[in-house]
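Input: a single structure, listed below in structure tokens.
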Amino acid sequence: MKEVEPGQLVMSCAGRDKGRFMIVLKVIDDQYVYVADGKLRKVERPKKKKLKHLKVQNKISDFIREKLMNGRKVYNEEIRRALEELIEKPDDNRS
Numbered sequence: 003m004k005e006v007e008p009g010q011l012v013m014s015c016a017g018r019d020k021g022r023f024m025i026v027l028k029v030i031d032d033q034y035v036y037v038a039d040g041k042l043r044k045v046e047r048p049k050k051k052k053l054k055h056l057k058v059q060n061k062i063s064d065f066i067r068e069k070l071m072n073g074r075k076v077y078n079e080e081i082r083r084a085l086e087e088l089i090e091k092p093d094d095n096r097s
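To convert, note that position 81 of the sequence shown is 83 in our numbering; the numbers rise steadily by one, no gaps.
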């Protein structure tokens, strides 16, 4: 399956949140992850999603990743800011 890690940008491909960008908060196992976007899905109540329902993007928020790896609290505002930064960055293969 796809390799994902905490702090990684993903896009939902199924469910009510289809088309929304989110950040992986925790990898549960090889099928499930917890994701949040800081708005609809807050850090306090992350969404448990199947990896097959997510389109994994090749972008990671190092700031969020560091905090999660060190067991420090991540705030919704930080998630929103990280999403803005990651989505604004142009992909290498698109103009």
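Where is the CB? At the ideal position from N, CA and C, for every residue including glycine.
Judged by DSSP in its simplified three-state form, Asn-78 adopts helix. Straight across, the Cα-Cα distance linking Arg-74 with Asp-64 is about 14 Å.
Fewer than three beta-carbon pairs drawn from the stretch 48-60 and the stretch 68-85 are found closer than 8 Å, and the two stretches are therefore not classed as touching. Put simply, the backbone Cα of Glu-90 is about 10 Å away from that of Ala-84. Counting along the chain, Lys-69 sits inside the alpha helix (DSSP H) bounded by residues 64-71.
Rounded to the nearest whole angstrom, the CA to CA distance from Val-29 to Ile-62 is 14 Å.
For Ala-38, the enclosing beta strand (DSSP E) begins and ends at 34-38.
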